[in-house]
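Q: Here our numbering is used: position 64 in the sequence shown is 327, and no number is missing along the way.
Cβ coordinates follow ideal geometry from the N, Cα and C atoms, glycine included.
Nothing here was measured: the structure is a model prediction, and the numbers come from that model.
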Amino acid sequence: MGNTAARRVLEPCMTSIAIIGAGAGLGAAVARKFGSEGYSVGLISRNQARVDALAATLVADGVQAAGFAADVRDPASISAALEQVTETLGPIEVLQYSPLPQKDFMRPVLETTPADLVGPVEFSIYGPVAAVHQVVPGMRFLGENKGTILFVNGGSAVKPGRDVTGTSVAFAGQAAYAELLNEVLGEEGIQVSQLIIGGAIVEGDEDKDPAVLADHLWDLHTKRDRFRLQISED
Ligand SMILES: NC(=O)c1ccc[n+]([C@@H]2O[C@H](COP(=O)([O-])OP(=O)(O)OC[C@H]3O[C@@H](n4cnc5c(N)ncnc54)[C@H](OP(=O)(O)O)[C@@H]3O)[C@@H](O)[C@H]2O)c1
Numbered sequence: 264m265g266n267t268a269a270r271r272v273l274e275p276c277m278t279s280i281a282i283i284g285a286g287a288g289l290g291a292a293v294a295r296k297f298g299s300e301g302y303s304v305g306l307i308s309r310n311q312a313r314v315d316a317l318a319a320t321l322v323a324d325g326v327q328a329a330g331f332a333a334d335v336r337d338p339a340s341i342s343a344a345l346e347q348v349t350e351t352l353g354p355i356e357v358l359q360y361s362p363l364p365q366k367d368f369m370r371p372v373l374e375t376t377p378a379d380l381v382g383p384v385e386f387s388i389y390g391p392v393a394a395v396h397q398v399v400p401g402m403r404f405l406g407e408n409k410g411t412i413l414f415v416n417g418g419s420a421v422k423p424g425r426d427v428t429g430t431s432v433a434f435a436g437q438a439a440y441a442e443l444l445n446e447v448l449g450e451e452g453i454q455v456s457q458l459i460i461g462g463a464i465v466e467g468d469e470d471k472d473p474a475v476l477a478d479h480l481w482d483l484h485t486k487r488d489r490f491r492l493q494i495s496e497d
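(1) Applying the 10 Å Cβ sphere with the 16-neighbour rule, what's the burial state of proline 473?
(2) From alanine 285 to valine 395, what distance separates their C-alpha atoms?
(3) Who are the Cβ neighbours of histidine 479 in its own chain at under 8 Å, not counting the five residues just before and after it?
(4) Indicate whether arginine 370 and glycine 429 have their beta-carbon atoms separated by less than 8 Å.
(5) Is leucine 321 closer than 8 Å to alanine 294 when the C-beta atoms are compared?
(6) Per DSSP, what kind of secondary structure is alanine 328 in: helix, strand or coil?
(7) Is arginine 491 helix, strand or coil by DSSP?
(8) Ignoring anything shorter than 3 residues, give me the beta strand (DSSP E) runs that lie fully in the stretch 444 to 476, in order along the chain.
(9) Shortest alpha-carbon distance to asparagine 408 belongs to which of Leu448, Ala378, Ile282, Ala344?
(10) Between which two residues does the beta strand (DSSP E) holding alanine 511 run?
(11) Using a 10 Å radius around the Cβ and a threshold of 16 neighbouring Cβ atoms, would you call valine 381 buried or exposed?
(12) Check each candidate in Glu300, Leu345, Gln327 and name the one with the smallest Cα separation from proline 400.
(13) Among Arg336, Gly462, Gln359, which has the Cα closest to the Cα of glycine 424?
(14) Tell me the rounded alpha-carbon separation between valine 372 and tyrosine 389.
(15) If you compare alpha carbons, which of Tyr360, Met402, Pro364, Val432 is closest to serine 456?
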C-alpha cells in the first residue's frame, strides 16, 4: 500500500486533506479545491492504480498529492492508509469520508436480511469510526479551530428509502455518529459536518456539479458554523 514515488519526493511541510473514497467525481473535485487552497491531498480508495492516476493529474497542476489503497470495510487498512498520508503529505487537518456505496447495499426493505446489512454497516459505520480514531489525536495537536471531519451522504441518510434499505439504515447510523462527534469534538475546536446530496451528483448542474459541492465542503471547513448542509430534497 502507498505511493512510494510520492513518498520520496514530497516534503511533509504542509497540512493535508485525506479523502476516503477519492474517485473521478466528487473526490477529484474536492482534491482540486483543497489543493488549490494550499493543502496537500491524500487520495484513498481500493484501487491503487486509479488513485495514482488521479494523484498524477493533481501533481501536474502543482498540487502535492499521492494515492493510497485501502478498503473502508477493513478498518486496519484505513488506519494504515491515514498514517501513510500523515507521513507522506503532512498532518491531516481535514478528513473527508465519502466512498461511493456498493449497489448491492440498496435492496427493498422486505428483501433485506441480516446478512445484507453487514456490508452497509461495515462501510458506513465501522469505517468512519476507524478513520476518526486515527485522525483525531493529530487534529488535537494542530490546535483549536483547525481540524475538520467531513461526511458526505445521499438523501437516504435523512429520509430512508424503501428500496435502498442498506444505505438508509447504515447512513442513519453514520449521521448519528457524525452528529455526536459534532457535539463532542466541537467543544475542543474540531469541526464535524455532514453534506447531504439528495438525488444524483450531476456534472454541469448548477447545484449538484462536483465542483459546486466541493465549494460547499470548503465552506463547511472554513466557516465552521453548521453541522449539516443538505443540497436538494430529492
Ligand atoms: N454519485 C452520486 O450520484 C451521489 C449521490 C448522492 C451522494 N453521493 C455521495 O458522494 C460521495 C461519492 O461521490 P462520487 O459518487 O462522485 O464518487 P467518486 O468521488 O467519483 O468516487 C468514490 C470512490 O469511492 C471508492 N470506494 C468505493 N468503495 C470503497 C471501499 N470499500 N473502500 C474504499 N474506497 C471505496 C471508489 O474507488 P475504488 O473502487 O477504487 O475503491 C470510488 O472511486 C459518497 O459520499 C456518496 O454517498 C453520491
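A: Based on what the coordinates show:
(1) Burial call: buried.
(2) Cα to Cα, alanine 285 sits roughly 17 Å from valine 395.
(3) If we look at histidine 479 and ignore the five residues flanking it on each side, its Cβ neighbours are Leu458, Leu492, Ile494.
(4) Yes, Cβ-Cβ distance for arginine 370 and glycine 429 is below 8 Å.
(5) One thing to note: alanine 294 has its Cβ within 8 Å of the Cβ of leucine 321.
(6) In this structure, alanine 328 counts as strand in the three-state DSSP scheme.
(7) Annotated three-state conformation of arginine 491 is strand, per DSSP.
(8) Segments of the beta strand (DSSP E) lying fully in the stretch 444 to 476: 454 to 460.
(9) For asparagine 408, the nearest C-alpha among the options comes from Leu448.
(10) The question about residue 511 has no answer, for the chain in this structure spans 264 to 497.
(11) Exposed is the call here.
(12) The candidate whose alpha carbon is nearest that of proline 400 is Leu345.
(13) The residue with the shortest Cα to Cα distance from glycine 424 is Gly462.
(14) Between valine 372 and tyrosine 389, the C-alpha separation is close to 22 Å.
(15) From the listed residues Tyr360, Met402, Pro364, Val432, the smallest Cα separation to serine 456 is found for Tyr360.
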